[in-house]
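These notes are about the structure you will find just below.
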Amino acid sequence: MTMTPIHNTFGIEARAKQYFEYCSEDELIAFLPSLRGVPYLHIGGGSNLLFTRDFDGIILHCGIKGIEVMDDCIRVGAGVVWDDFVGWAVEHGWCGVENLSLIPGEVGASAVQNIGAYGSEAKDVIVAVECVDLHDGTRRVFTNAECQYAYRQSIFKGELRGRYAVTYVRYRLSRTFVPRLDYGNIRSSLPTDAVVTPQLVRDTIIGIRRAKLPDPDVQGNAGSFFMNPVVSRDKFAEIQRDYPNMPFYEVENGVKIPAGWMIEQCGWKGKSLGRAGVHDRQALVLVNLGGATGADIVRLSDAVRQSVAERFGIDIRPEVNFI
Ligand code: EPU
Numbered sequence: 004m005t006m007t008p009i010h011n012t013f014g015i016e017a018r019a020k021q022y023f024e025y026c027s028e029d030e031l032i033a034f035l036p037s038l039r040g041v042p043y044l045h046i047g048g049g050s051n052l053l054f055t056r057d058f059d060g061i062i063l064h065c066g067i068k069g070i071e072v073m074d075d076c077i078r079v080g081a082g083v084v085w086d087d088f089v090g091w092a093v094e095h096g097w098c099g100v101e102n103l104s105l106i107p108g109e110v111g112a113s114a115v116q117n118i119g120a121y122g123s124e125a126k127d128v129i130v131a132v133e134c135v136d137l138h139d140g141t142r143r144v145f146t147n148a149e150c151q152y153a154y155r156q157s158i159f160k161g162e163l164r165g166r167y168a169v170t171y172v173r174y175r176l177s178r179t180f181v182p183r184l185d186y187g188n189i190r191s192s193l194p195t196d197a198v199v200t201p202q203l204v205r206d207t208i209i210g211i212r213r214a215k216l217p218d219p220d221v222q223g224n225a226g227s228f229f230m231n232p233v234v235s236r237d238k239f240a241e242i243q244r245d246y247p248n249m250p251f252y253e254v255e256n257g258v259k260i261p262a263g264w265m266i267e268q269c270g271w272k273g274k275s276l277g278r279a280g281v282h283d284r285q286a287l288v289l290v291n292l293g294g295a296t297g298a299d300i301v302r303l304s305d306a307v308r309q310s311v312a313e314r315f316g317i318d319i320r321p322e323v324n325f326i
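The opening residue of the sequence shown carries number 4 in our numbering; numbering runs sequentially from there.
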């Protein structure tokens, strides 16, 4: 059987036995018998995956499109490109997702991954997530609470990993604009004296992201490679004694320390191991310098993790899924 190349933004060569894209729930349900006894993997835009081998099974991809304004929510097909939805919302006067501009990936993945940036997270605007059970073809709607959202976490990545395909996501957006400008350098990046609109916030965030993050079409990458660790207040105080200028964010269960800052402190920013590199403008991003394999990236990831563990006593965990 010929193997099909799998699209992934890291630009790693990997193949699967079969690729199946469905454009409706019925089409997915009709296909489910083909999954019996075969390994399968449901992907989104391939922007959060690291292939370390070929995949000896079926890759599923949702091609359900469409954005519908309902009485109490906006219902979006899981296959819509996330930033197309954000662009649509800003254009049509719906507020709440402008800070999430230009995040790569698709709407389905936004609900699995609980994407977040610049002080906003997908969970803040998700009302419910419509799914198909890949085991028995039944449909199920998860409320926001049932999704068990936390920082870059959901039930779909945890206990129910691989069980459900997200087909539609329902968002609650607002007609009232409440600008969120306090994260990082958003406020200082706005033009002086400008009237702050959702479009201006979107354009500003797109500018910040383009300046800092590598474009996957130019240099393969999967955005932030690691999650930012949350440590206890005691552990934080211990590190802060040695690094009084360390950036941090107070969160409910402790203090979040930017992994990118720790990686930079370890001297990794802009450095490489073979064909895998640490981005020179944002150390949280690992890049494919050209022709890297999954194993090259894993080797660099392990080396970076080890340095951070030795210097700070913190194990930083990859956000990217290793396949
Ligand atoms: N920092 C450094 N050196 C670096 C990178 C960061 O010192 O090389 C410092 C910065 O100066 C800043 C702090 O670390 O004080 C935080 O940096 P930044 O605002 O760039 O954000 P981040 O914590 O590194 C997270 C998300 C990003 C998101 C940004 C902005 C995670 C894993 N990543 O990164 O998400 O865009 O905040 O909100 O939480 C993604 O998931 O792919 C992604 C890009």
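Don't be surprised by glycine CBs; every beta carbon is placed ideally from N, CA and C. In this text the structure is predicted, and so the values were computed from the model without any measurement.
Output needed for G297: all residues of its chain with C-beta closer than 6 Å, excluding positions within five of it in sequence on either side, in chain order. I15, L53, F54 and T55
Relative to the C-alpha of V258, which candidate in W264, P247, R244 and F239 has its C-alpha closest? F239
With 16 as the cutoff for other CB atoms within 10 Å, does C150 come out buried or exposed? buried
Any alpha helix (DSSP H) of 4 or more consecutive residues that is wholly inside the stretch 20 to 74: 28 to 34
State buried or exposed for P321, treating a residue as buried only when at least 16 other CB atoms are found within 10 Å of its CB. buried
Tell me where the beta strand (DSSP E) around F229 begins and ends. First-last for F229: undefined, no H or E at that position.
According to DSSP, is A125 helix, strand or coil? helix
By the 10 Å Cβ neighbour count, where 16 or more other Cβ atoms means buried, how is T12 classified, buried or exposed? buried
Using alpha carbons as the reference points, say which of L303, V72 and A197 lies closest to H95. V72
Identified DSSP bridge partners for S177: C98
Euclidean distance between Cα positions of A312 and D318: 5 Å
Mapping DSSP to helix, strand and coil, what is R155? coil
Ordered list of beta strand (DSSP E) runs contained in the stretch 182 to 267, each at least 3 residues: 224 to 227, 252 to 254 and 257 to 259
In the DSSP output, what is F145 paired with across the bridge? V132
Alpha-carbon spacing of A279 relative to G40, whole angstroms: 35 Å
Nearest residue (CA-CA) to G119, options Y152, V135, H138 and K68: Y152
Please determine whether the Cβ atom of Y154 lies at a distance below 8 Å from any heavy atom of ligand 1. yes
Throw me the rounded Cβ distance for the V204 and Y167 pair, which I believe falls under 8 Å. Between Y167 and V204 the Cβ distance is about 33 Å, and since that is not below 8 Å, they are no contact.
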